[in-house]
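Our numbering puts the last residue of the sequence shown at 561; the count rises by one with no breaks. Glycine residues also receive a C-beta, built at the ideal position from the N, C-alpha and C atoms. Please read the structure below before turning to the comments.
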Amino acid sequence: MSEYLAIDFDTHQLAGARARLSNQRVRVESVIERTWPAELDPWADPVAAGQWLAGELRDAGLTASEVLVSLPREDVVVRQLDVPDVPDEALPNLVRLQAETKSSSSLGGMVLDFLPLPRSPQAAGRQVLMITIAQSRLGRLRELTTAAGLELASVGISAVATTELVARAETHTVVDRAAAALLVSRTAHRVEIALVRDEHLLFTHSSQLADTDASSQDAATLAEVRRSLGALSRLDAELRVSRAWVIGAAEETASLCQAMSKQLDCPVAVLSPLKVAAVSWDGSGEPPHQAQLAGPVGMLLAMAGPTVETVDLLKPRRPVVRPDRRRLKTGLAIAAAAGLVALAFGYTYVQTRARAGQIEETQERLTQASEVVDRAAPTLAAAKLIDEWDGRGVDCLYQLTELNRQLPGTDRLYLRNLRFNPLPGDAVAQLQADGRARSRSDVEQLEQRLRNHEYRVRPHEKTTVEDDDKDYPVGFVLDLGITAETNAHVDWQTPAAHAEPSDTVVGDAATDATAATDTAARGAEPSASEPTATTPDTGGAEKQEGGR
């Protein structure tokens, strides 16, 4: 019987469960829910965060040594790729080749995993959902768990873990698996939306929630659901949603279920992570807040025995290496020959010949190594330039988070796409975005607020746009320069000192379908979180954001 601690790694609030796995079942023994101290940023100071977590686990009596970490959707980049129809063992190399081809820079500093999507009779090739994260982030996560006295066993994402959870819940029910299921998981600070068909994750999107009022959060959640369904309908016009699941306990999801039932033309049901098949709860009573346990419990179920395709960023998919029987036969023949030579010519002669062969082989390896070093010289030079850029202290994901803190809610304006480019001189980077607003004054107030926070704002003309989004008639361009003063203005240790986070979504879901085509044509690379499955990365290419 194996014992694990599974946690949902949210930078606002941490939730987890300790469980024992046996016979394909999960027995949850206890749960923990803690709010990170305001002065502690787990990404900026992982060692201090790990020491704080160790004390909290000790006080709660949780003694498991191995930990499974479920990352929120917004901490990874999710992008849909079209690849030729090849066997599964050839997919890892092909997906990485496609990602390198569509990227403007090397993926050497990224960890890449993917989910194969169901084959379609109408499609000539296959589709995969590619998931990437910076290696530096995984390194910080490992530092944090080590400081907490834990061994990092697996790193997944909450949307995939929730898919496992729903698949277990629908095991003994009659559902139309050809139609899609809508999954909504909302905590105090974020909402995550996923669409699943035939036990495969098709689409995932997340957004921050700024308002703690229940009715306001319900309205914001419904708006994100509508955006997600609209974006997916543009990618697959024949897709229909036959059912909806709201993750959490009955008390915490009652108002949201009622609001969704009025808006959606399908049944809406509550799914408690502690009440699905193959999960038993040993505690007394039922925890009131369970939405954040969806990721941890889903990862525990996958560890006990997965029923859907899963990802593990610590152990991503690798190509299947077939054994080379010819080398084995050659080795056996050489061994037999060496034995005959030893018997015929004696121990001394064999040893002399062996030493001569080793010297020759070593010299050949040295020659090959020198050739490799010479070929790698341009790559090393490029890496040096990247290190110089990285040394300037600009964290792209953090800058995007800081920009999101300055934006008002989606009830006033939203951004349709975002581009992050490095620049020479005193302007260390440039942020550019296209957006829509209800009025020109909303845009002008936003520009003034950004100037007050040391951003170099380049004015652009505001235009009136006539299309299907009539609630936001004003189109605008946001052109920001990040200077050394802007970068220094960020308080890396005290995120609470920043402006209040908003629920503004960067990257309007209405443009996601066309953005996938545009970014593929430009050769953009994967980037931060995107409301559709197609997202280019940062580093000089266009970037579309959908979860921050």
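> Any idea what DSSP makes of residue 234, helix, strand or coil?
Replying inline: Position 221 of the sequence shown, counting from 1, holds the residue named residue 234. Helix.
>> I'd like to confirm the pairing. Which residues does DSSP put opposite residue 430 in its beta bridges?
In response: Taking the sequence shown and counting its residues from 1, the one referred to as residue 430 is at position 417. According to DSSP, which records beta bridges pairwise, residue 430 is partnered with 447.
>> Just verifying my parser: in three-state terms, what is the DSSP assignment at residue 246?
In response: Position 233 of the sequence shown holds residue 246. Helix at residue 246.
> Applying the criterion that 16 or more other CB atoms from any shown protein chain within 10 Å of the CB defines a buried residue, is residue 308 buried or exposed?
Replying inline: As a first step, residue 308 is located in the sequence shown; it is residue number 295 there, counting from the start. Residue 308 should be labelled buried.
> DSSP on residue 321, reduced to helix/strand/coil?
Replying inline: Taking the sequence shown and counting its residues from 1, the one referred to as residue 321 is at position 308. Three-state DSSP puts residue 321 in coil, outside helix and strand.
> Can the beta-carbon of residue 485 be found closer than 7 Å to that of residue 462?
Replying inline: One-based indexing of the sequence shown puts residue 485 at position 472. One-based indexing of the sequence shown puts residue 462 at position 449. No.
> If you draw a straight line from the alpha carbon of residue 453 to that of residue 472, how long is it in whole angstroms?
Replying inline: Locating residue 453 in the sequence shown gives position 440, where the first residue counts as 1. Locating residue 472 in the sequence shown gives position 459, where the first residue counts as 1. Those two C-alpha atoms are separated by around 13 Å.
> Applying the criterion that 16 or more other CB atoms from any shown protein chain within 10 Å of the CB defines a buried residue, is residue 540 buried or exposed?
Replying inline: Translated into positions along the sequence shown, residue 540 becomes position 527. Below a pLDDT of 50, predicted positions are generally treated as unreliable, and residue 540, at 36, falls in that range; the measurement from the model is reported next regardless. Counting Cβ neighbours within 10 Å, residue 540 comes out buried, since at least 16 surround it.
> Whose CA, out of 121, 15, 434, 414, lies closest to the CA of residue 80?
Replying inline: Locating residue 80 in the sequence shown gives position 67, counting from the first residue. If we check each option's Cα against that of residue 80, 15 comes out closest.
> Relative to the C-alpha of residue 238, which residue among 92, 249, 198 is closest?
Replying inline: In the sequence shown, residue 238 corresponds to position 225, counting from 1. Nearest of 92, 249, 198 to residue 238, Cα basis: 198.
>> Check for me: the beta strand (DSSP E) holding residue 274 runs from which residue to which?
In response: The residue labelled residue 274 in the question sits at position 261 within the sequence shown. Segment 263-276 is the alpha helix (DSSP H) holding residue 274; no beta strand (DSSP E) there.
>> At 4 residues or longer, what runs of the alpha helix (DSSP H) sit wholly inside the stretch 130-181?
In response: You should have 148-160.
> From the DSSP output, which residues share a beta bridge with residue 40?
Replying inline: Along the sequence shown, read from residue 1 onward, the residue named residue 40 stands at position 27. BP columns for residue 40 point to 33, 293.
> So, do the stretch 102-119 and the stretch 43-57 have three or more beta carbon pairs nearer to each other than 8 Å?
Replying inline: no
> Are the beta-carbon atoms belonging to residue 165 and residue 158 less than 7 Å from one another?
Replying inline: Here residue 165 refers to the residue found at position 152 when the sequence shown is read from its first residue. Here residue 158 refers to the residue found at position 145 when the sequence shown is read from its first residue. Yes; because the gap between Cβ atoms is below 7 Å, this pair is in contact.
> Using DSSP with H/G/I as helix, E/B as strand and the rest coil, what is residue 476?
Replying inline: Here residue 476 corresponds to residue number 463 of the sequence shown, with the count starting at 1. Strand at residue 476.
> What number of angstroms, rounded off, separates the C-alpha of residue 137 from the C-alpha of residue 120?
Replying inline: To locate residue 137, count along the sequence shown from 1; it is residue 124. To locate residue 120, count along the sequence shown from 1; it is residue 107. When rounded, the distance between both Cα atoms is 27 Å.
> For residue 172, is the classification buried or exposed, using 16 other Cβ atoms within 10 angstroms of its Cβ as the cut-off for buried?
Replying inline: Stepping through the sequence shown from its first residue, residue 172 is reached at position 159. So residue 172 ends up on the buried side.
> Which of helix, strand or coil does DSSP assign to residue 126?
Replying inline: For the purposes of this step, residue 126 is taken as residue 113 along the sequence shown, with counting starting at 1. Residue 126 falls in the strand class under three-state DSSP.
>> Would residue 245 pass as an interface residue toward chain D - the criterion being a Cβ-Cβ separation below 7 Å?
In response: Considering every chain present, this structure includes no chain D. It has just one protein chain.
>> Along the chain, where does the beta strand (DSSP E) containing residue 197 start, and where does it finish?
In response: For the purposes of this step, residue 197 is taken as the residue at position 184 of the sequence shown. In the DSSP assignment, residue 197 falls within the beta strand (DSSP E) that extends over 193-199.
>> Which residues does DSSP list as the beta-bridge partners of residue 17?
In response: If you number the sequence shown from 1, residue 17 lands on position 4. Paired residues: 32.
>> For residue 319, tell me which candidate among 31, 17, 478, 38 has the shortest Cα-Cα distance.
In response: Sequence index remark: in the sequence shown, residue 319 carries index 306 (1-based). Nearest of 31, 17, 478, 38 to residue 319, Cα basis: 38.
> When DSSP labels each residue in this structure, what does residue 53 get in the three-state scheme?
Replying inline: Locating residue 53 in the sequence shown gives position 40, counting from the first residue. Residue state, collapsed to three classes: coil.
> Are the stretch 210-222 and the stretch 183-195 touching by the rule of at least three beta carbon pairs closer than 8 Å?
Replying inline: yes
> How many angstroms separate the CA atom of residue 482 from the CA atom of residue 446?
Replying inline: Residue numbering aside, residue 482 sits at position 469 when the sequence shown is read from its first letter. Residue numbering aside, residue 446 sits at position 433 when the sequence shown is read from its first letter. One C-alpha to the other measures close to 18 Å.
> Taking the continuous alpha helix (DSSP H) assigned at residue 114, which residues delimit it?
Replying inline: As a working mapping, residue 114 is identified with position 101 in the sequence shown. Element bounds for residue 114: 104-114.
> By Cβ distance below 6 Å, which residues in the same chain neighbour residue 201 in space, the five residues on each side in sequence not counted?
Replying inline: Reading the sequence shown from its first residue, position 188 is the one you call residue 201. The beta carbon of residue 201 sits closer than 6 Å to no other beta carbon from its chain once the five residues preceding and following it are set aside.
> Is the CB-CB distance between residue 22 and residue 82 below 7 Å?
Replying inline: Here residue 22 is taken as the residue at index 9 of the sequence shown, counted from 1. Here residue 82 is taken as the residue at index 69 of the sequence shown, counted from 1. Result yes, Cβ atoms of residue 22 and residue 82 sit closer than 7 Å.
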